[in-house]
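Student: Residue numbers (this note's numbering): 137 to 484. Where is the CB? At the ideal position from N, CA and C, for every residue including glycine. This structure is a prediction, so every number in the text was calculated from the model and none was measured.
1. Checking the sheet assignment: what are the DSSP bridge partners for residue 288?
2. On the three-state DSSP scale, how would you describe residue 283?
3. Within 8 Å, do at least three Cβ pairs link the region 217-225 to the region 294-303?
4. What's the gap between the Cα of residue 288 and the Cα of residue 192?
5. In this structure, how does DSSP classify residue 266 when only helix, strand and coil are distinguished?
6. When the Cα atoms are used, what is the spatial distance from residue 237 to residue 317?
7. In the DSSP assignment, the beta strand (DSSP E) including residue 276 goes from what residue to what residue?
8. Quick check: what's the CA-CA separation for residue 411 versus residue 213?
9. Just reading off the alpha helix (DSSP H) that residue 326 is part of, what are its end residues?
10. Tell me the residue span of the alpha helix (DSSP H) that contains residue 397.
11. Would a C-beta distance cut-off of 8 Å place residue 215 and residue 197 closer than the cut-off?
12. Report yes or no: do the region 165-182 and the region 341-350 share at least 3 C-beta pairs separated by less than 8 Å?
13. Could you check if residue 393 is buried or exposed, using at least 16 other CB atoms within 10 Å of its CB as the buried criterion?
14. Hey, how far is the Cα of residue 324 from the Cα of residue 261?
15. Please classify residue 166: does DSSP put it in a helix, a strand, or coil?
16. I need the DSSP call for residue 261, collapsed to helix, strand or coil.
17. In the DSSP assignment, what residue or residues form a beta bridge with residue 221?
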């Protein structure tokens, strides 16, 4: 019992980062096993053999490779995209206006302020980062920083899932689920044949083992991802996160819930050409720019695109797009979150 008292939970959490790198290798191994089973061992030979089966094999392989490309693209975007961090020395607007900063309290509540015993509202403050905490921001013990609209720290991607990479994470889940379902279906006939004709296999034991392993892994992941996608679909349609669901379990209403359509638009946008692509859309540029210093925002893609659309809007029919991009309905955080970093869409 004495040894347990000396365990540092923060150091234990930081060990999850090392586990994450093992998960990266595990993901690569699963992809390699599935690729060999589907392309090299089963459907690839059918394509090369010609005949009537070649057309079906070609269709399966094309869909397989398209889904695989989207999975890799989304996965890399989740891994390498910063989920959104609060700048150092960020403070609430009231602090910068001269309001007593001693009213700050340490809180992980979801609001920008927190009710005190005197009935006033004090501002959120992170004792670990020694920094102000915007609304919907939480501290990650693994990354050792506060993350904007944090959902969770995912060991599978060695990164936090937050405001800036949540769309990529959801697309990664969806494409992986579709891919695993496809792999399960195309390997199912060979899996059944394995048990029906147990004594007449001409393949090597290694190939059969890979086929069996690929089928079982894809089936298991498909079932697991189905439940996981269902959970996140419920979160997205209510404009909440895994952490916020736990924190607001006693609340009747949720002030960030704008209705399921607008909640989906905040994550995925509505344009069909970009809905299923891991590309960011500047609908929530206001939100990100509130927590970016002006010099760092100059190269930020949504802000740059917004400037271009603003300029072209005077000469082309882009007013509706511009209005949509600047609409306050797409703010992930309320206006109270603004500070000196609140440079918004019209900054120079």
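Tutor: On the basis of the supplied data:
1. In the DSSP assignment, residue 288 forms a beta bridge with 297.
2. DSSP places residue 283 in strand when its eight states are reduced to three.
3. Yes, the region 294-303 is in contact with the region 217-225.
4. 41 Å
5. In the structure shown, residue 266 sits in coil (DSSP, three-state: anything other than H, G, I, E or B).
6. Because the pLDDT of residue 237 is 37, which lies under 50, any placement of that residue in the model is unreliable, and the number read from its coordinates should be weighed accordingly. About 54 Å.
7. 273-276
8. 15 Å
9. From DSSP, the alpha helix (DSSP H) with residue 326 extends over 302-332.
10. 396-404
11. Their beta carbons are not under 8 Å apart, which means residue 215 does not touch residue 197 by this criterion.
12. Yes, the region 165-182 touches the region 341-350.
13. exposed
14. 54 Å
15. helix
16. strand
17. 283
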